[in-house]
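Residue numbers (mature numbering (1 follows the signal peptide of the UniProt record, and there is no 0)): -20 to -1, 1 to 172.
Written as structure tokens, this is what we have:
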């Protein structure tokens, strides 16, 4: 009887030890074992050419969108604003990059007004169609203009990519997951 109790306790202790040693689970989709993402060269809303490598040492959130988006983009940027508030001092180690998929309308001036309105540290990026297409392709994202008049919309990938401090794409946070998911997963990446 004592051996059985001892064996049960030993098994529980082993299980707890293994659980404590296991990697934390992301709430978003874990992309750690994929080859999604990579370097890009775009122009920020200040007119400066930037690359992903410029943000090494920070957790980077990449979101593809456009300033005339009626729903997904403002909702996601608002969730990220909430996340930055929840991160408090740790927010300085996070960089949100909004990559425009509408270079026809999203001028540097418009991006400089729209993106920082959600949070002063957020950066809007754009570039030539070829530069944007290259970034979109490397993240396996999509976008497509809908309509021919000046009030067209753009269908686009609605998820946000979380990049760790070393530049590896680690998590896809789906649209609607909420600020709590962003906060949780960013905190895990900051703790690494």
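By construction, the Cβ of each residue, glycine as well, lies at the ideal position given by its N, Cα and C atoms.
CA-to-CA, the gap between residue 34 and residue 127 works out to about 36 Å. Taking C-alpha positions only, residue 168 is separated from residue 93 by approximately 31 Å. Cβ neighbours of residue 147 within its own chain (closer than 7 Å, five residues either side excluded): 32, 33, 36. Taking 8 Å as the upper bound for CB-CB distance, residue 76 and residue 102 are in contact here, some 4 Å apart.
Here the segment 56 to 67 makes contact with the segment 156 to 166; the two share three or more CB pairs at distances below 8 Å.
Apart from sequence neighbours up to five positions away, the residues of its chain that approach residue 99 with a beta-carbon distance below 6 Å are 61, 64, ordered along the chain. Less than 8 Å separates the beta-carbon of residue 125 from that of residue 132. With 16 or more neighbouring CB atoms inside 10 Å of its own CB, residue 150 falls in the buried class.
In the DSSP assignment, residue 125 falls within the beta strand (DSSP E) that extends over 123 to 126. Pairing residue 70 with residue 123, the inter-Cα distance amounts to about 32 Å. In the three-state reduction of the DSSP assignment, residue 84 falls in the coil class. Selection 135, 113, 27 evaluated against residue 17 yields 113 as nearest (Cα-Cα). In the structure shown, residue 73 adopts helical secondary structure according to DSSP, grouped into three states. Here residue 97 is exposed. Its C-beta has fewer than 16 other C-beta atoms within 10 Å.
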